[in-house]
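Written below as structure tokens is the structure these notes are about.
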Amino acid sequence: MRLIVNKKIKFFMSKCYHLLNNERNFSSSARGIILGIETSCDDTGCAIVDTEGNVLGEALHSQHLIHLNNGGIIPPIAQDLHRKNIENVVSEAVNAANIHFREIDAIATTVKPGLPLSLKIGTTYGKYLCRLHKKPFIPIHHMEAHALTARMHDKSIEFPFLVLLISGGHCLLAVAKKVDKFLLLGEGKDDAPGEAFDKLARRMKLKNIPEYSQLCGGQAIEKAALKADDPLRYKFTIPLLQYKDCNFSFSGIKNQLLLQLFSEEKEENVPPDGVIPGVSNLCAGLQLVMTRHLCHRVQRGMEYVARKGIIPPNKQTLVVSGGAACNNFIATGLQMVCDELGYKMVRPPPKLCTDNGVMIAWNGVERWKENIGVFEDFEHIDIEKCSPLGERLIEEVTNESISCKWVKLSKLNLPQSRWNTTD
Ligand code: KG4
Ligand code: ZN
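So the sequence shown is numbered by the working numbering: it starts at 2 and just counts up by one.
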């Protein structure tokens with residue numbers, strides 16, 4: 002009897018909760034089709050994904066080349082381009098899915114974190130579609146979407162898992178416990194890795210070398226580093242070695258490289274639009290120190306979750322995502338750490354690592370299935386420029402003061418042309 006009463010009370014409370022929060026009450030057994038919209042930075046993306054993880058249609062308009070020529074993202078220009086393209090991108094995805102709006106169950110849209118002017122376009126348009134077609138709205142956290150996409154790509158990934166997100170705007174290490182529950186172990190203290198790559202590629206003038214002229218900073222540096230014959234010629238100090246936490250910092254590396262670049266340009270009499278002769282080795286040195294830093298923080302994170310029993314030893318997975326996760330050199334270093342500590346590493350394909358509509362639609366699917374944050378009445382939901390992901394465990398991690406015996410990454414010191422011969 003007591004049990005039944007408790008159940009009834011629970012049911013009533015849950016009803017009240019959903020009503021109070023204007024959330025839809027939804028049975029998780031039904032199949033759903035979610036449309037996702039992404040406009041948090043410089044990509045206008047849309048996709049339609051079903052609850053099985055089938056991508057029914059997708060479209061992406063990248064502003065990359067325009068911002069590359071402007072020397073960086075100018076927010077009002079990004080906003081104008083989103084405004085100009087959003088309707089076409091959504092129509093293209095809907096047409097590709099060969100679907101009518103009445104078949105779509107809900108519309109998921111990135112509302113945080115990101116460039117406010119960019120977020121505004123997607124959010125306004127997503128809500129407009131919801132009103133027009135009488136659909137519920139699923140507000141999405143951009144970093145949650147980066148983290149969860151891996152579960153669409155690899156259905157075997159179960160909660161909890163460790164996730165490293167490295168993008169143009171963020172750097173964080175977290176444990177994903179549930180769709181909407183993350184434990185934040187470490188965060189970026191200054192420049193994000195992609196941001197550091199972009200700024201340094203610009204300063205090294207890689208754009209003036211024809212084969213790199215159309216690439217984003219990270220891609221250009223990765224490609225240039227492949228040509229290095231002496232990756233240890235420029236040595237950089239690994240950041241935060243004395244701090245026993247899982248936080249990240251890339252601005253010190255950036256300054257070390259800039260000093261090296263200034264002196265080399267002067268010594269070699271490099272013209273204003275010229276590139277230093279040792280640029281490939283410089284890129285390799287940069288990639289190496291960034292990889293070592295990332296590997297250190299991830300290894301400490303793994304040791305922390307093992308010490309605290311947060312992830313069962315037989316289910317250890319590291320998901321690596323965000324734009325800079327496309328970098329194969331970084332992935333090689335992280336894979337070595339995973340191999341040593343008994344982790345399976347999952348990295349979604351490049352087009353799912355960088356910003357796209359699929360990840361937003363999939364995050365919508367994950368929330369739809371669990372009936373978390375699906376709003377019939379959504380006018381009160383606003384965009385947010387900054388939004389931390391999950392519960393902060395950063396102080397707890399620091400207090401553990403974990404000293405690690407670093408996994409040896411000796412292979413990374415060799416020119417990549419020699420990797421296969423030494424494997
Ligand atoms: O996730 P994303 O598409 O956008 C943000 O949410 O920031 O990431 C874009 C970033 C850019 O800074 C770009 O330089 C970096 O991802 N990126 C790379 C590579 N491809 C893209 N960084 C390193 N290596 C790459 N291959
Ligand atoms: Zn992103």
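Ideal placement from N, C-alpha and C gives every residue a C-beta, glycine not left out.
Opposing strand residues paired with residue i [DSSP bridges]
i       : result
Lys-179 : Lys-182
Thr-45  : His-62
Ala-226 : In DSSP, Ala-226 forms no bridge with anything.
Cys-172 : Ile-167
Pro-140 : Thr-110
Asp-51  : Ile-34
Lys-345 : Thr-318
Glu-188 : Leu-173
Glu-392 : Leu-184
Val-56  : Val-50
Glu-39  : Gly-46
Between the CA atoms of residue j and residue i - distance to the nearest angstrom
i       : j       : result
Pro-232 : Glu-223 : 12 angstroms
Tyr-18  : Gly-391 : Bear in mind that the predicted position of Tyr-18 carries a pLDDT of just 44, short of 50, making it unreliable; the figure below should be weighed with that in mind. Between Tyr-18 and Gly-391, the C-alpha separation is close to 21 angstroms.
Ser-28  : Ile-100 : Residue placement at Ser-28 cannot be trusted, given a pLDDT of 44 that sits under 50; what the coordinates show is reported in the next sentence. Ser-28 and Ile-100: Cα-Cα distance of roughly 23 angstroms.
Lys-386 : Ser-418 : 42 angstroms
Leu-283 : Met-205 : 9 angstroms
Gln-243 : Asp-43  : 36 angstroms
Cys-354 : Gly-54  : 16 angstroms
Gly-286 : Thr-292 : 10 angstroms
Ala-193 : Gly-324 : 11 angstroms
Cys-327 : Leu-227 : 15 angstroms
Lys-267 : Ala-79  : 36 angstroms
Ile-35  : Ser-388 : 24 angstroms
Glu-367 : Gly-33  : 10 angstroms
Asp-181 : Phe-263 : 46 angstroms
Asn-364 : Leu-163 : 17 angstroms
Ser-404 : Asn-248 : 14 angstroms
Arg-297 : Trp-407 : It should be noted that the sequence gives His, not Arg, for residue 297. Cα to Cα, His-297 sits roughly 7 angstroms from Trp-407.
Lys-190 : Asn-400 : 18 angstroms
Lys-345 : Thr-111 : 29 angstroms
Met-337 : Ile-331 : 10 angstroms
Ala-225 : Val-280 : 7 angstroms
His-142 : Val-321 : 17 angstroms
Leu-295 : Phe-102 : 43 angstroms
Leu-309 : Met-144 : Looking at the sequence provided, one finds Lys at residue 309 rather than Leu. Approximately 24 angstroms, taken between the alpha carbons.
Cut-off 6 angstroms between Cβ atoms - residues of its own chain near residue i, not counting five sequence neighbours on either side
i       : result
Ile-312 : Pro-161 and Val-306
Asp-155 : Val-347
Thr-40  : His-83, Ser-119, Ile-122 and Gly-123
Lys-152 : The question names Lys, yet the displayed sequence has Arg at residue 152. Ile-158.
Cys-172 : Gly-189, Ala-193, Pro-194 and Phe-249
Val-90  : Thr-45, Cys-47, Ala-60 and His-62
Cβ neighbours of residue i in the same chain (closer than 8 angstroms, five flanking residues each side left out)
i       : result
Lys-8   : With a pLDDT of 39 at Lys-8, under the threshold of 50, the modelled position of that residue is not reliable, and no figure is offered here.
Asp-199 : Gly-73, Gly-169, Cys-217, Gly-218 and Gly-219
Pro-278 : Glu-269
Lys-255 : Asp-192, Ala-197, Lys-200 and Leu-201
Ile-75  : His-68
Ser-402 : Lys-245
For residue i, the nearest candidate out of the options (CA to CA)
i       : options                               : result
Ala-175 : Leu-287, Thr-124 and Gly-302          : Gly-302
Asn-471 : Val-164, His-65 and Leu-342           : Given a span of 2 to 424 for the chain in the structure shown, any question on residue 471 remains unanswerable.
Leu-165 : Gly-187, Met-153 and Glu-159          : Gly-187
Pro-351 : Asn-329, Asn-372, Ala-362 and Pro-272 : Asn-329
Leu-82  : Thr-110, Ile-105, Arg-103 and Leu-120 : Leu-120
Lys-412 : Thr-333, Ala-148, Arg-368 and Phe-183 : Thr-333
Ile-87  : Lys-113, Gly-127 and Val-112          : Gly-127
Lys-179 : Asn-372, Leu-410, Glu-397 and Glu-380 : Asn-372
Ala-229 : Leu-258, Val-271 and Gln-288          : Gln-288
Leu-133 : Ile-239, Ile-105, His-147 and Val-299 : Ile-105
Asp-274 : Leu-207, Leu-415 and Ala-148          : Leu-207
Thr-150 : Lys-135, Pro-272, Gln-317 and Val-56  : Val-56
Lys-489 : Ser-322, Leu-319, Ala-107 and Gln-317 : For the chain, the structure presents residues 2 to 424; residue 489 sits outside this window and is missing.
Ala-146 : Pro-77, Leu-259 and Phe-183           : Phe-183
Leu-394 : Ala-148, Thr-125, Ala-177 and Ala-221 : Ala-177
Bounding residues of the alpha helix (DSSP H) (the contiguous stretch that carries residue i)
i       : result
Met-303 : 280-309
Leu-201 : 194-204
Lys-352 : 351-354
Pro-77  : 76-98
Lys-245 : No alpha helix (DSSP H) holds Lys-245; DSSP gives it neither H nor E.
Trp-369 : 358-371
Ser-402 : Taken as a continuous stretch (DSSP letters only), Ser-402 belongs to no alpha helix (DSSP H), as it is neither H nor E.
Ser-157 : No alpha helix (DSSP H) holds Ser-157; DSSP gives it neither H nor E.
Asn-256 : 252-268
Residue span of the beta strand (DSSP E) that contains residue i, given as start and end
i       : result
Lys-128 : Per DSSP, Lys-128 belongs to no beta strand (DSSP E); it is in the alpha helix (DSSP H), 117-134.
Cβ of residue i within 9 angstroms of any chain D Cβ
i       : result
Trp-369 : Annotation note: the requested chain D is absent from the structure, which comprises a single protein chain.
Own chain, CB closer than 7 angstroms to residue i, minus 5 neighbours either side, in chain order
i       : result
Ala-94  : Cys-47, Ala-48, Ile-49, Gly-58, Glu-59, Ala-60 and Gly-358
Ala-362 : Ile-35, Leu-36, Gly-37, Ala-48, Ile-49, Val-50 and Ala-109
Tyr-235 : Gln-261, Asn-282, Leu-283 and Gly-286
beta-carbon residue i near the ligand GTP non-hydrogen atom, thresh 8 angstroms
i       : result
Cys-296 : Summarising the ligand content, the structure contains the ligand KG4 and the ligand ZN and does not contain the ligand GTP.
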